[in-house]
Amino acid sequence: MNNWAPFEWITALRFLREGRMQTLFIITGVSIGVAVIVFMSALLAGLQANFIKRVLTSSAHIQLVPADEVARPLRGGPGMTVGAIVQRPAQRLRSIDQWQKVRSLLLSWPTITNVSPTVSAAALAVRGSASRSITMTGIDPEVYFRIVKLPDYIIAGQPRVTSDDIIVGLDLARDLGVTLGDKLTVTSANGGSRLLTISGIFDLGNKGANMRSTYVALRTAQALSNLPGGVTSIDLTVEDVYAAETIAKAVNVATGVQADSWIKTNAQFFTAVNAQQTSNTMIRLFVGLSVAFGIASVLVVSVIQRSSDIGILRAMGTSQGQILRIFLLQGGLLGFAGSLIGSATGAGALLYWHSAMRQADGSELFPLVLEPQLFVYAMVLAALTGVAAAAVPALRAAKLDPVVAIRG
Amino acid sequence: MADPSSTTAPVVRLVGIRKAYNIGTPVEVEVLHGINLDLQRGEFVALTGPSGSGKSTLLNIIGLLDRPTSGQLFITGRETSQLNDTELTKLRGHSIGFVFQAHRLITAFTALENVMMPLLVDNKFPNAAMRARAADLLEQVELTRWKDSLVSNMSGGQQQRVAIARSLAMNPSLILADEPTGNLDSKSADTVIEMMQRVNQTNGTTFLLVTHSKDIAGRCDRTINVVDGQLTTGRI
Numbered sequence: 085m086n087n088w089a090p091f092e093w094i095t096a097l098r099f100l101r102e103g104r105m106q107t108l109f110i111i112t113g114v115s116i117g118v119a120v121i122v123f124m125s126a127l128l129a130g131l132q133a134n135f136i137k138r139v140l141t142s143s144a145h146i147q148l149v150p151a152d153e154v155a156r157p158l159r160g161g162p163g164m165t166v167g168a169i170v171q172r173p174a175q176r177l178r179s180i181d182q183w184q185k186v187r188s189l190l191l192s193w194p195t196i197t198n199v200s201p202t203v204s205a206a207a208l209a210v211r212g213s214a215s216r217s218i219t220m221t222g223i224d225p226e227v228y229f230r231i232v233k234l235p236d237y238i239i240a241g242q243p244r245v246t247s248d249d250i251i252v253g254l255d256l257a258r259d260l261g262v263t264l265g266d267k268l269t270v271t272s273a274n275g276g277s278r279l280l281t282i283s284g285i286f287d288l289g290n291k292g293a294n295m296r297s298t299y300v301a302l303r304t305a306q307a308l309s310n311l312p313g314g315v316t317s318i319d320l321t322v323e324d325v326y327a328a329e330t331i332a333k334a335v336n337v338a339t340g341v342q343a344d345s346w347i348k349t350n351a352q353f354f355t356a357v358n359a360q361q362t363s364n365t366m367i368r369l370f371v372g373l374s375v376a377f378g379i380a381s382v383l384v385v386s387v388i389q390r391s392s393d394i395g396i397l398r399a400m401g402t403s404q405g406q407i408l409r410i411f412l413l414q415g416g417l418l419g420f421a422g423s424l425i426g427s428a429t430g431a432g433a434l435l436y437w438h439s440a441m442r443q444a445d446g447s448e449l450f451p452l453v454l455e456p457q458l459f460v461y462a463m464v465l466a467a468l469t470g471v472a473a474a475a476v477p478a479l480r481a482a483k484l485d486p487v488v489a490i491r492g
Numbered sequence: 030m031a032d033p034s035s036t037t038a039p040v041v042r043l044v045g046i047r048k049a050y051n052i053g054t055p056v057e058v059e060v061l062h063g064i065n066l067d068l069q070r071g072e073f074v075a076l077t078g079p080s081g082s083g084k085s086t087l088l089n090i091i092g093l094l095d096r097p098t099s100g101q102l103f104i105t106g107r108e109t110s111q112l113n114d115t116e117l118t119k120l121r122g123h124s125i126g127f128v129f130q131a132h133r134l135i136t137a138f139t140a141l142e143n144v145m146m147p148l149l150v151d152n153k154f155p156n157a158a159m160r161a162r163a164a165d166l167l168e169q170v171e172l173t174r175w176k177d178s179l180v181s182n183m184s185g186g187q188q189q190r191v192a193i194a195r196s197l198a199m200n201p202s203l204i205l206a207d208e209p210t211g212n213l214d215s216k217s218a219d220t221v222i223e224m225m226q227r228v229n230q231t232n233g234t235t236f237l238l239v240t241h242s243k244d245i246a247g248r249c250d251r252t253i254n255v256v257d258g259q260l261t262t263g264r265i
């Protein structure tokens with residue numbers, strides 16, 4: 085026995101050591117609980133990060149588009165309506181009014197990281213007698229590629245868009261029978277037409293996107309769409325992706341331009357992410373509760389078993405506070421020891437799962453996210469849960485009548 | 030350790046001590062009826078009486094483990110009725126040692142650690158001093174070679190000797206022994222009583238022994254007999 089530790093620590097450790105079977109069982113129970121929490125939290129964090137990455141690397145966090153055109157009732161004079169039925173007008177391709185001013189303003193916002201003006205228009209890609217409808221997106225590659233990581237998906241050629249270049253998807257190239265360096269005629273809905281050279285082919289992993297999406301230089305798209313100097317949308321990225329909706333509303337207020345966040349345009353996905361987070365929290369809560377009740381039940385039994393020892397300690401001058409601390413410490417130590425083993429087990433299980441579960445092409449099913457703070461959080465929480473769980477048995481021990489306790 | 034300033038006062042003084050249970054209920058029962066008693070420093074006293082006479086209750090009250098319903102209890106000259114639980118615990122730890130019939134050692138600790146326990150609880154002594162004190166006490170009860178053994182591996186007599194050594198750790202003024210030889214064979218019982226007497230004579234520690242044995246009572250300075258919650262005293 086060393087007096088490096090106070091009496092309470094020494095006694096708590098000895099009591100745990102003497103009841104080693106009980107201690108072993110409850111530490112195993114706590115370990116399993118913590119392992120489940122660590123495994124699930126890390127797995128879900130990885131999956132969630134993966135989903136969000138997939139969504140947000142192929143689209144902007146916020147997109148600014150011109151406000152819808154609305155029709156006004158035809159009036160013959162004050163208070164006199166000539167045409168009572170107002171039809172919603174077809175939305176023609178229009179530029180954002182004073183978009184350069186809007187861009188300058190948004191670039192000064194610290195919460196916004198990238199601002200990329202684009203022209204997006206429907207067009208036909210024609211190769212000989214074959215044609216396919218496409219979405220032609222005119223971009224400034226230097227800025228746009230910071231938002232949409234298109235270069236990561238290039239499987240042939242370069243992510244290069246000079247005025248005569250076009251980047252197409254794998255499935256469109258297959259359908260039209262073209263490859264790198266081949267020419268495509270792109271005809272816009274406004275009648276503009278241009279012969280472009282394929283500079284790159286990408287694969288987004290989605291057939292529909294590979295069929296429709298094409299990228300050209302901003303000026304080329306402006307010319308083909310008959311929008312000289314104009315842009316149909318401004319794409320933004322923000323520091324905090326979860327604040328996108330709030331920032332979008334602020335942008336709308338500041339600029340008067342309609343701003344749609346990824347949260348709004350992917351509402352179902354965002355709801356799913358939230359539901360996943362809620363279910364994860366609930367699982368953690370119930371596992372934590374089962375751990376707490378496990379520790380409490382073991383310590384309640386321990387207090388009964390040790391009532392004679394408690395009585396003797398009280399007779400020897402041990403205060404109620406010291407007895408209380410002995411049992412609180414036992415709870416904390418059980419929680420902490422269980423969390424150490426559980427964290428290691430959870431991390432090991434996750435590593436195994438990550439290496440064993442692969443996609444068909446051999447790539448990882450989900451990114452491995454093992455953040456140190458998860459382990460610190462699990463250990464602190466488990467130790468605190470242990471102390472809290474020990475509170476009732478510890479109070480019971482401290483309040484034992486020494487006369488009754490000595491009798492055992 | 031015991032308060033040296035109070036050496037002239039009786040180690041224990043009981044004035045009109047009464048103890049009742051189930052107070053205010055139809056089954057209220059008084060087990061001690063106005064006990065008056067002085068135990069002087071260095072006395073070796075036997076407390077006898079039939080089962081249910083109130084011996085254990087009296088011992089618990091003197092040991093500050095239980096409170097009397099009325100009356101005054103002085104330990105080394107200090108009146109205890111107004112003390113709170115913390116003060117009583119401190120006074121008990123410093124002034125009173127306990128030896129129980131079933132040794133009541135803590136089985137998670139070795140013999141040396143059990144003897145060190147009161148010093149550790151007090152948290153005022155360095156480790157080396159505690160070890161030295163415990164080793165010295167184990168030597169006094171002739172258990173030096175067993176000091177590192179878990180008490181669960183020792184015989185009943187040896188365990189009781191460890192309990193005696195533990196009761197002496199804080200050098201208390203008073204040792205209360207509740208049938209300390211009740212579970213021992215006659216040879217071990219004899220050894221235990223001899224050791225208590227030696228401590229009593231060497232240190233001047235007051236002993237109050239609850240016993241049913243006339244032989245052991247006969248070896249004490251005086252015998253206090255409890256009958257129906259009242260005392261009859263005598264010197265043998």
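Protein chains in written order, with my numbering: chain A, 85 to 492; chain B, 30 to 265. Yeah, the Cβ is synthetic: ideal placement off N, Cα and C, and Gly gets one too.
CB-CB length for residue i against residue j, believed under 8 Å
{"i": "D165/B", "j": "T139/B", "result": "No, D165/B and T139/B are not in contact; Cβ-Cβ is about 16 Å, not under 8 Å."}
{"i": "H145/A", "j": "T321/A", "result": "5 Å"}
{"i": "A489/A", "j": "S391/A", "result": "5 Å"}
{"i": "S202/B", "j": "T231/B", "result": "With 8 Å as the limit, S202/B and T231/B do not qualify as a contact, their Cβ atoms being about 14 Å apart."}
{"i": "G212/A", "j": "P243/A", "result": "Contact flag wrong, Cβ pair sits at about 26 Å."}
{"i": "F420/A", "j": "A478/A", "result": "About 16 Å separates the two Cβ atoms, so there is no contact after all."}
{"i": "V166/A", "j": "R159/A", "result": "6 Å"}
{"i": "I250/A", "j": "L280/A", "result": "4 Å"}
Test: residue i CB closer than 8 Å to a CB of chain B
{"i": "D324/A", "result": "no"}
{"i": "V387/A", "result": "no"}
{"i": "K483/A", "result": "no"}
{"i": "L468/A", "result": "no"}
{"i": "P477/A", "result": "no"}
{"i": "P90/A", "result": "yes"}
{"i": "R101/A", "result": "yes"}
With 16 other Cβ atoms within 10 Å as the buried cut-off, status of residue i
{"i": "P33/B", "result": "Bear in mind that the predicted position of P33/B carries a pLDDT of just 42, short of 50, making it too unreliable to give a figure here."}
{"i": "D257/B", "result": "exposed"}
{"i": "G161/A", "result": "exposed"}
{"i": "E92/A", "result": "buried"}
{"i": "S110/B", "result": "exposed"}
{"i": "L484/A", "result": "buried"}
{"i": "G340/A", "result": "exposed"}
{"i": "L94/B", "result": "buried"}
{"i": "E208/B", "result": "buried"}
{"i": "K137/A", "result": "exposed"}
{"i": "D244/B", "result": "exposed"}
{"i": "F377/A", "result": "exposed"}
{"i": "Y228/A", "result": "buried"}
{"i": "Q493/A", "result": "There is simply no residue 493/A to check, as chain A begins at 85 and stops at 492 in what is shown."}
{"i": "V460/A", "result": "exposed"}
C-beta neighbour in chain A for residue i, strict 8 Å
{"i": "T115/B", "result": "yes"}
{"i": "D95/B", "result": "yes"}
{"i": "N51/B", "result": "no"}
{"i": "K48/B", "result": "no"}
{"i": "T100/B", "result": "It should be noted that the sequence gives Gly, not Thr, for residue 100/B. Output row for G100/B: interface = no."}
{"i": "T118/B", "result": "yes"}
{"i": "H241/B", "result": "no"}
{"i": "H123/B", "result": "yes"}
{"i": "G92/B", "result": "yes"}
Sheet register partners of residue i (DSSP bridge)
{"i": "Q284/A", "result": "Reading off the sequence, residue 284/A comes out as Gly, not Gln. Its beta-bridge partners are G241/A and I251/A."}
{"i": "R42/B", "result": "D67/B and F103/B"}
{"i": "Q147/A", "result": "D319/A and D344/A"}
{"i": "K153/B", "result": "Partner(s): none; K153/B has no beta bridge."}
{"i": "H62/B", "result": "R47/B"}
{"i": "G222/A", "result": "V203/A and V300/A"}
{"i": "V270/A", "result": "A209/A and R278/A"}
{"i": "I204/B", "result": "G126/B and F236/B"}
Cross-chain neighbours of residue i in chain C, by beta carbon under 7 Å
{"i": "N89/B", "result": "In the structure shown, chain C does not exist; the protein chains are A and B."}
Residues of the region 128-153 of chain B whose Cβ lies closer than 9 Å to any Cβ of chain A, in chain order: F129, A131, R133, L134, I135, T136, A137, F138, T139, L141, E142, M145, M146, P147, L149, V150, D151 and N152
Interfacial residues, the region 393-417 of chain A to chain B, with Cβ spacing under 9 Å: D393, G395, I396, L397, R398, A399, M400, G401, T402, S403, Q404, G405 and Q406
Residues of the region 173-191 of chain B with Cβ closer than 8 Å to any Cβ of chain A, in chain order: none
The region 103-126 of chain A: positions lying closer than 7 Å to chain B by Cβ: none
Residues within the region 359-384 of chain A neighbouring chain B, beta-carbon criterion of under 9 Å: none
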